[in-house]
Amino acid sequence: MKTFLIILGLLLAAVSQTTVLPFLAISGIVPNLVLVLTLLLVIFRDFKKTWWLVILGGLFLDLFSGLSFGLIGLSLLTTAYFISRFNQSIFPEAKFWIVLFLIGLASLFYGLVLFGLAKLFVFINLSQQEIYLSLLSLNYLVGLLISAFYNMAFLICLYGIKKIFYPASFSK
Amino acid sequence: MKRVFSHPFILSLLIIVGLIFLNSQGWLKFSQDIFFSLTASVQKISYQFSSKVNQMTGSLISLNRLNQEKVRLAEENKELSSQLVQLKEAARENEFLRQQLSVSSPESPELILAGVIGCNSSFLEKTLLINRGSQDGVKEGAAVITAGNFLVGQVVETNNSSSKVRLILDPNSRVNALVQESGVTGLVKSNQWLNLTIDFIPQGENIKEGQTVVTSGLAGFFPAGLFIGQISQIISIDVEIFQKAKIKPAVDFENLEKVFVFK
Numbered sequence: 483m484k485t486f487l488i489i490l491g492l493l494l495a496a497v498s499q500t501t502v503l504p505f506l507a508i509s510g511i512v513p514n515l516v517l518v519l520t521l522l523l524v525i526f527r528d529f530k531k532t533w534w535l536v537i538l539g540g541l542f543l544d545l546f547s548g549l550s551f552g553l554i555g556l557s558l559l560t561t562a563y564f565i566s567r568f569n570q571s572i573f574p575e576a577k578f579w580i581v582l583f584l585i586g587l588a589s590l591f592y593g594l595v596l597f598g599l600a601k602l603f604v605f606i607n608l609s610q611q612e613i614y615l616s617l618l619s620l621n622y623l624v625g626l627l628i629s630a631f632y633n634m635a636f637l638i639c640l641y642g643i644k645k646i647f648y649p650a651s652f653s654k
Numbered sequence: 006m007k008r009v010f011s012h013p014f015i016l017s018l019l020i021i022v023g024l025i026f027l028n029s030q031g032w033l034k035f036s037q038d039i040f041f042s043l044t045a046s047v048q049k050i051s052y053q054f055s056s057k058v059n060q061m062t063g064s065l066i067s068l069n070r071l072n073q074e075k076v077r078l079a080e081e082n083k084e085l086s087s088q089l090v091q092l093k094e095a096a097r098e099n100e101f102l103r104q105q106l107s108v109s110s111p112e113s114p115e116l117i118l119a120g121v122i123g124c125n126s127s128f129l130e131k132t133l134l135i136n137r138g139s140q141d142g143v144k145e146g147a148a149v150i151t152a153g154n155f156l157v158g159q160v161v162e163t164n165n166s167s168s169k170v171r172l173i174l175d176p177n178s179r180v181n182a183l184v185q186e187s188g189v190t191g192l193v194k195s196n197q198w199l200n201l202t203i204d205f206i207p208q209g210e211n212i213k214e215g216q217t218v219v220t221s222g223l224a225g226f227f228p229a230g231l232f233i234g235q236i237s238q239i240i241s242i243d244v245e246i247f248q249k250a251k252i253k254p255a256v257d258f259e260n261l262e263k264v265f266v267f268k
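Residue numbers (the numbering used here), protein chains in the order written: chain V, 483 to 654; chain L, 6 to 268.
Okay, here's the thing in structure tokens:
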């Protein structure tokens, strides 16, 4: 039942990503709800137990996205694995500030991997869509930073909501 | 070897690569169609609700600007009315000349009305999801417009019942365009900040703020004459070969609900 609810949650998050969140865009950049949720799963429940949910989250985003199929899935998977390893080897406990830092770091990493893979897909002819952007352009890097801060702000909101509905988990 | 394949990261990687392969062969088309037909109604309701809330909050915030807007629109209306009279006269003359020269009128294109059910906005893409697909006659590469022949973008992917449209605001979109008043051609592109510009205009070409930018029809991706926007600022640096200009888009991309797809 819990697994079903998580899958449903990921699907609803992916739907919200294309229907609700675009209206909260800042200069065209929106928070990535599916990225934040899958990373929370990986941070709190370990990659070994949640890898298939990461695939599912990426698949949902891929289906709604106009980018080449699999691009987001691969980027999300790589980011989730990197964050899981990083978290396990450096931080013994998942405190709020650590999670916030990890989400910010993961957002930057995700943006870089997505860009690199998009270029690779074009190079190996898996995608017909030309990528005109340059990774080293100031626009792209500033965009990445804004998206990282936006995801972090979104996490703070999620924690706020959790605090309202489950105050017991914060009183310990 | 078995241990390598049982590693969750390697296993996940193999699954996604397998899915990419299946998709490239078109073997996932059926399951994608089912997925979209199941989620389309939820998406439509969710998108329309969010759009209405956005419009409502937007109008509440800009309430004090309404008076200024009203004055501006009244002036614009007068100007457009006088243009309309001139255009009607030109159309009548055009029709008369066509009859004299026995040239038939150009056929109006067949359009498919579609509702917007979602949109993707990230630093790498700006796309729309619409509720018409290949079963309705939507084809990949078709131009998408709104009422008034305003260019929205181009269909990049179709499913049975839905399609994805790449907006002209997408940082990877390129549109061949011309400035209607001077006939100067250029390339319309966007960046991550949704700033639309027309680039590759040779230095010395006379372009002015307020001039109209339309599709040129070159390269054949878009039909000629679709309205893109108006020049809002000219960026000309003497040492550069080309000058460029910022464009104020004709389409309000935040409040798009219905679009037309060229058949």
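Idealized CB from N, CA, C, for every residue including glycine.
Original post:
At what residues does the beta strand (DSSP E) containing isoleucine 233 (chain L) begin and finish?
Top reply: Position 228 of the second sequence holds residue 233 (chain L). Segment 232 to 240, the beta strand (DSSP E) holding isoleucine 233 (chain L).
**OP:** Would you mind stating whether valine 516 (chain V) and glycine 548 (chain V) have Cβ atoms separated by less than 8 Å?
**Re:** By one-based count along the first sequence, residue 516 (chain V) stands at place 34. By one-based count along the first sequence, residue 548 (chain V) stands at place 66. In this structure, glycine 548 (chain V) does not lie closer than 8 Å to valine 516 (chain V) by Cβ.
Original post:
Expressed to the nearest angstrom, what Euclidean distance is found between the alpha-carbon atoms of valine 512 (chain V) and leucine 102 (chain L)?
Top reply: Taking the first residue of the first sequence as position 1, residue 512 (chain V) is located at position 30. Taking the first residue of the second sequence as position 1, residue 102 (chain L) is located at position 97. It is roughly 53 Å from the alpha-carbon of valine 512 (chain V) to the alpha-carbon of leucine 102 (chain L).
**OP:** Answer yes or no: do tyrosine 507 (chain V) and serine 178 (chain L) have a C-beta to C-beta separation smaller than 8 Å?
**Re:** Within the first sequence, residue 507 (chain V) is the residue found at index 25, counting from 1. Within the second sequence, residue 178 (chain L) is the residue found at index 173, counting from 1. Correcting the residue identity first, residue 507 (chain V) is alanine in this sequence and not tyrosine. In this structure, serine 178 (chain L) does not lie closer than 8 Å to alanine 507 (chain V) by Cβ.
**OP:** Could you name the residues of chain V that arginine 171 (chain L) contacts, counting a contact when the two beta carbons are closer than 7 Å?
**Re:** One-based indexing of the second sequence puts residue 171 (chain L) at position 166. Neighbours of arginine 171 (chain L) on chain V, chain order: Gly548.
Subject >> Opening and closing residue of the beta strand (DSSP E) in which valine 108 (chain L) lies >> reply: By 1-based counting over the second sequence, the position of residue 108 (chain L) is 103. Looking at the DSSP string, valine 108 (chain L) is not in any beta strand (DSSP E), and its letter there is neither H nor E.
Subject >> Validate contact between the segment 212 to 220 of chain L and the segment 158 to 175 of chain L using beta carbons, cut 8 Å, 3 pairs >> reply: Between the segment 212 to 220 of chain L and the segment 158 to 175 of chain L, the count of Cβ pairs shorter than 8 Å is below three; the stretches do not touch.
**OP:** At 3 residues or longer, and completely inside the segment 157 to 201 of chain L: list those beta strand (DSSP E) runs for me, N to C.
**Re:** Runs found: 168 to 172, 179 to 184, 190 to 195.
Original post:
Three-state secondary structure (DSSP) at serine 557 (chain V)?
Top reply: Within the first sequence, the letter at position 75 stands for residue 557 (chain V). In this structure, DSSP gives serine 557 (chain V) a helical state, which the three-state scheme calls helix.
Original post:
Given a limit of 7 Å on CB to CB distance, which residues of the segment 94 to 109 of chain L reach chain V?
Top reply: Look at the segment 94 to 109 of chain L: it has no residue with a C-beta under 7 Å from a C-beta of chain V.
Subject >> Close-in-space but distant-in-sequence residues of the same chain around leucine 599 (chain V) (CB under 7 Å, 5 per side omitted) >> reply: One-based indexing of the first sequence puts residue 599 (chain V) at position 117. Cβ-Cβ distances below 7 Å link leucine 599 (chain V) to Leu553, Leu556, Ser557 in the same chain, with the five nearest sequence neighbours on each side left out; the list follows chain order.
Subject >> aspartate 243 (chain L) burial status per 10 Å Cβ neighbour count (16 or more: buried) >> reply: Working through the second sequence from its first residue, we reach residue 243 (chain L) at position 238. Within a 10 Å sphere around the beta-carbon of aspartate 243 (chain L) sit fewer than 16 other beta-carbons, which makes this residue exposed.
Subject >> Burial state of tryptophan 32 (chain L) (16 or more Cβ within 10 Å) >> reply: Indexing the second sequence from 1 puts residue 32 (chain L) at position 27. With fewer than 16 other Cβ atoms within 10 Å, it is exposed.
**OP:** Specify the secondary structure class of lysine 268 (chain L) as computed by DSSP and reduced to three states.
**Re:** By 1-based counting over the second sequence, the position of residue 268 (chain L) is 263. It is coil, neither helix nor strand.
**OP:** Determine the burial state of glutamine 499 (chain V): buried for a count of at least 16 other Cβ atoms within 10 Å of its Cβ, exposed for fewer.
**Re:** Within the first sequence, numbered from 1, the residue matching residue 499 (chain V) stands at position 17. The residue is buried, with at least 16 neighbouring Cβ atoms inside 10 Å.
Original post:
What are the residues of the segment 122 to 133 of chain L that lie near chain V, defined by any Cβ-Cβ distance shorter than 9 Å?
Top reply: Of all residues in the segment 122 to 133 of chain L, Ile122, Gly123, Cys124, Asn125, Ser126, Ser127, Phe128, Leu129, Glu130, Lys131, Thr132, Leu133 have a Cβ within less than 9 Å of some Cβ in chain V.
**OP:** Answer with yes or no whether the minimum CB distance from threonine 44 (chain L) to chain V is below 8 Å.
**Re:** Taking the second sequence and counting its residues from 1, the one referred to as residue 44 (chain L) is at position 39. Yes, because at least one Cβ of chain V sits closer than 8 Å to the Cβ of threonine 44 (chain L).
Subject >> Under the three-state DSSP convention, the category phenylalanine 226 (chain L) falls into >> reply: In the second sequence, the residue the question calls residue 226 (chain L) occupies position 221. Coil at phenylalanine 226 (chain L), not helix or strand.
**OP:** Taking glutamine 208 (chain L) as the reference, give the member of L:Asn136, L:Leu24, L:Ile246, L:Leu65 with the closest Cα.
**Re:** Along the second sequence, one-based indexing puts residue 208 (chain L) at 203. For the residues L:Asn136, L:Leu24, L:Ile246, L:Leu65, the minimum Cα distance to glutamine 208 (chain L) belongs to L:Ile246.
Original post:
Measuring CB to CB, does valine 518 (chain V) end up less than 8 Å from leucine 626 (chain V)?
Top reply: Within the first sequence, the letter at position 36 stands for residue 518 (chain V). Within the first sequence, the letter at position 144 stands for residue 626 (chain V). Contact flag unset, no.
**OP:** Report the residues of the segment 591 to 604 of chain V with a CB closer than 8 Å to any CB of chain L, ordered along the chain.
**Re:** Taking 8 Å as the Cβ-Cβ cut-off against chain L, the residues of the segment 591 to 604 of chain V that qualify are Gly593, Leu596, Phe597, Ala600.
Subject >> Minimum C-alpha distance to valine 581 (chain V) - residue among V:Gly642, V:Leu521, V:Ile488 >> reply: As a position in the first sequence, residue 581 (chain V) is number 99, starting the count at 1. It is V:Leu521.
**OP:** Since I believe serine 166 (chain L) is in contact with isoleucine 135 (chain L) (beta carbons under 8 Å), could you give me their beta-carbon distance rounded to a whole number of angstroms?
**Re:** For this step, residue 135 (chain L) is matched to residue 130 along the second sequence. For this step, residue 166 (chain L) is matched to residue 161 along the second sequence. The C-beta separation of isoleucine 135 (chain L) from serine 166 (chain L) comes to about 10 Å, leaving the pair out of contact by the 8 Å criterion.
Original post:
Should isoleucine 580 (chain V) be flagged as near chain L, meaning a C-beta pair shorter than 8 Å?
Top reply: As a first step, residue 580 (chain V) is located in the first sequence; it is residue number 98 there, counting from the start. No, its Cβ sits nowhere closer than 8 Å to a Cβ of chain L.
Subject >> Closer than 8 Å to chain L by CB, serine 589 (chain V) >> reply: Sequence index remark: in the first sequence, residue 589 (chain V) carries index 107 (1-based). Chain L, which has no Cβ nearer than 8 Å to the Cβ of serine 589 (chain V), makes this no.
Original post:
If you count every other CB in all the chains shown that lies within 10 Å of the CB of phenylalanine 54 (chain L), and 16 or more means buried, which is it?
Top reply: As a first step, residue 54 (chain L) is located in the second sequence; it is residue number 49 there, counting from the start. A residue is called buried when at least 16 other Cβ atoms come within 10 angstroms of its Cβ; phenylalanine 54 (chain L) does not meet this threshold and is exposed.
Original post:
With 8 Å set as the bound, which would you pick, yes or no: does the beta-carbon of valine 524 (chain V) sit closer than that to a beta-carbon of chain L?
Top reply: In the first sequence, counting from the first residue as 1, residue 524 (chain V) sits at position 42. It does not: the Cβ of valine 524 (chain V) has no partner Cβ on chain L nearer than 8 Å.
**OP:** Would you grab the beta carbon distance between phenylalanine 205 (chain L) and leucine 192 (chain L) for me? Rounded to a whole angstrom, and I think it's under 8 Å.
**Re:** Along the second sequence, read from residue 1 onward, the residue named residue 205 (chain L) stands at position 200. Along the second sequence, read from residue 1 onward, the residue named residue 192 (chain L) stands at position 187. Contact between phenylalanine 205 (chain L) and leucine 192 (chain L) holds: CB atoms are separated by about 5 Å, below the 8 Å threshold.
Subject >> Cβ contact check for the segment 106 to 122 of chain L and the segment 231 to 238 of chain L: 3 or more pairs under 8 Å >> reply: Judged by Cβ distances under 8 Å, the segment 106 to 122 of chain L makes no contact with the segment 231 to 238 of chain L, as fewer than three pairs qualify.
Subject >> aspartate 204 (chain L) - partner residues in DSSP beta bridges >> reply: Taking the first residue of the second sequence as 1, we reach residue 204 (chain L) at position 199. DSSP, once it has assigned bridges, lists L:Leu192 as partnering aspartate 204 (chain L).
Subject >> Within chain L, partners of leucine 626 (chain V) - CB distance below 9 Å >> reply: Within the first sequence, numbered from 1, the residue matching residue 626 (chain V) stands at position 144. Ordered by position in chain L, the residues that pass the 9 Å Cβ test against leucine 626 (chain V) are Phe128.
**OP:** Could you please give me the residues that DSSP links to alanine 95 (chain L) through a beta bridge?
**Re:** Start at 1 with the first residue of the second sequence, and residue 95 (chain L) comes out as number 90. DSSP, once it has assigned bridges, lists no residue as partnering alanine 95 (chain L).
Subject >> Simplified DSSP state of leucine 19 (chain L), which is helix, strand or coil >> reply: Reading the second sequence from its first residue, position 14 is the one you call residue 19 (chain L). Helix.
**OP:** From the DSSP output, in three-state form, read off isoleucine 39 (chain L) for me.
**Re:** Position 34 of the second sequence, counted from the start, is the residue given in the question as residue 39 (chain L). DSSP places isoleucine 39 (chain L) in helix when its eight states are reduced to three.
Original post:
Cα separation between leucine 26 (chain L) and phenylalanine 564 (chain V)?
Top reply: Locating residue 26 (chain L) in the second sequence gives position 21, counting from the first residue. Locating residue 564 (chain V) in the first sequence gives position 82, counting from the first residue. The residue asked about is misnamed: residue 26 (chain L) is phenylalanine in this sequence, not leucine. Distance between the alpha carbons of phenylalanine 26 (chain L) and phenylalanine 564 (chain V) is about 24 Å.
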